[in-house]
Amino acid sequence: MSISIRSLTLNEYLLPGNAACPGCPATMGLRMLGKALEGKYVLVIPACCSTIIEGPYPKSSYGVPVLNIAFAASPSAAAGVKAGFDVLGKGDVHVVVWAGDGATADIGMASLSGAAERNDDIIYVCYDNEAYMNTGIQRSSATPYAAWTTTTITGKSEHKKNLPMIMAAHGIPYVATASVAYPLDFVAKVRRAASIRGMRYIHLHSPCPTGWRFPSDKTVEVGRLAVQTGLWPLYEIDHGVFKLSDICKPLLDKRNRKPIEEYIKIQGRFSRVSKEQLAELERYVESLWNEIALMIEKSKTSGAAG
Numbered sequence: 040m041s042i043s044i045r046s047l048t049l050n051e052y053l054l055p056g057n058a059a060c061p062g063c064p065a066t067m068g069l070r071m072l073g074k075a076l077e078g079k080y081v082l083v084i085p086a087c088c089s090t091i092i093e094g095p096y097p098k099s100s101y102g103v104p105v106l107n108i109a110f111a112a113s114p115s116a117a118a119g120v121k122a123g124f125d126v127l128g129k130g131d132v133h134v135v136v137w138a139g140d141g142a143t144a145d146i147g148m149a150s151l152s153g154a155a156e157r158n159d160d161i162i163y164v165c166y167d168n169e170a171y172m173n174t175g176i177q178r179s180s181a182t183p184y185a186a187w188t189t190t191t192i193t194g195k196s197e198h199k200k201n202l203p204m205i206m207a208a209h210g211i212p213y214v215a216t217a218s219v220a221y222p223l224d225f226v227a228k229v230r231r232a233a234s235i236r237g238m239r240y241i242h243l244h245s246p247c248p249t250g251w252r253f254p255s256d257k258t259v260e261v262g263r264l265a266v267q268t269g270l271w272p273l274y275e276i277d278h279g280v281f282k283l284s285d286i287c288k289p290l291l292d293k294r295n296r297k298p299i300e301e302y303i304k305i306q307g308r309f310s311r312v313s314k315e316q317l318a319e320l321e322r323y324v325e326s327l328w329n330e331i332a333l334m335i336e337k338s339k340t341s342g343a344a345g
């Protein structure tokens, strides 16, 4: 689905004067989400940075209805909201869960898996800033290997949980990865998700200046480097068919990937990465892309376009 800036609505559903930090990726994602769905949606938001961005009652920074819900309950609550709209004959209204990685990969994982198993008719977007930023930059299972947080002061010793592939293993209709640094790709994937019924999951990479320790004017640069180094591949799994996004197709040849050092050197959270840890990150990226190549080949041999 080809999207251009000129084709996007001029209406704004994230309002100015909100409580976000400078350079906040969540606001970038929320703005593009609104333009993708053109206001025909409601948000279900568990406890996270976006609850703060929303602002104090009775005002709101969001130009659509919002249900704020407990950390672990957003997928089941969203399913109930969607069922209510259907009963009222408003089936064209999308219900979107907008949740951080803590509410997705950790605290909300059970209810998310349940919604996927039931194939609830919701769109779930995880804006992944790779830690519990709202409560003080603590480690989550989405925090990458070797990254500093206030609870991994010598660097996290485990690799990032692969949530998109976990969701794909549930057999839901649509799974995609995206990045706030590539907004039109994100808009296209949201619109594709909106055209499908059932459970749809988008994992949005969201570099956080505060938690990742980089200048607030570098959010897009950091996000692009995550993709260009191969650490964050962009793809879709549409009804079981894996498709690498055009942006990332050249990266199948590792000679086209930028060195990982270009990505980590901008971020204070990686300031103490050792040579051994860097080598492990390089090994991880190579393994990741070997798996992607196998999925593309499997799609080809099964008669699908990869």
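Using the working numbering, read the sequence shown as starting at 40 and increasing by one per residue. Glycine included, every Cβ here is placed at the ideal spot set by N, Cα and C. Please read these numbers as outputs of a predicted model, since none were measured by experiment.
Within the region 165–241, the complete alpha helix (DSSP H) segments at least 4 residues long are 202–207 and 222–233, listed from N- to C-terminus. An exposed status is given to residue 128, since fewer than 16 other beta-carbon atoms sit within 10 Å of its beta-carbon. By the Cβ rule, the region 200–215 counts as touching the region 225–240, because three or more pairs are nearer than 8 angstroms. Counting only residues of its own chain and dropping the five nearest sequence neighbours on each side, residue 290 has a CB closer than 6 angstroms to the CB of 269 and 296.
When 187, 234 and 177 are compared, the shortest CA-CA separation from residue 316 is found for 187. An exposed status is given to residue 336, since fewer than 16 other beta-carbon atoms sit within 10 Å of its beta-carbon.
Distance between residue 294 and residue 231, taken at the CA atoms: about 31 angstroms.
Under the three-state reduction of DSSP, residue 297 is assigned to coil, being neither helix nor strand. Selection 89, 85 and 90 evaluated against residue 110 yields 85 as nearest (Cα-Cα). Membership of residue 73 in the alpha helix (DSSP H) is indicated by the continuous run 64–76.
In the structure shown, residue 248 adopts helical secondary structure according to DSSP, grouped into three states. The region 130–143 and the region 163–170 touch, with three or more beta-carbon pairs separated by less than 8 angstroms. Looking at 189, 184 and 115, the one whose alpha-carbon comes closest to that of residue 162 is 115. Contact annotation: residue 132 and residue 81 have beta-carbon atoms nearer than 8 angstroms. Distance from the CA of residue 104 to the CA of residue 199, rounded to the nearest whole angstrom, comes to 33 angstroms. Looking at 70, 117 and 59, the one whose alpha-carbon comes closest to that of residue 94 is 59. Shortest Cα-Cα distance from residue 234 to any of 75, 43 and 102 involves 75.
As the crow flies, the alpha-carbon of residue 292 is around 16 angstroms from that of residue 264. Distance from the CA atom of residue 159 to the CA atom of residue 126, rounded to whole angstroms, is 15 angstroms. Going by DSSP, residue 110 is part of no beta strand (DSSP E) at all; its letter is neither H nor E. Annotation for residue 57: 92 and 100 place their beta carbon closer than 6 angstroms to its own, counting only its chain and skipping 5 residues before and after. For residue 122, the three-state secondary structure derived from DSSP is helix. In this structure, residue 273 sits away from residue 323, with a CB-CB distance that is not shorter than 8 angstroms.
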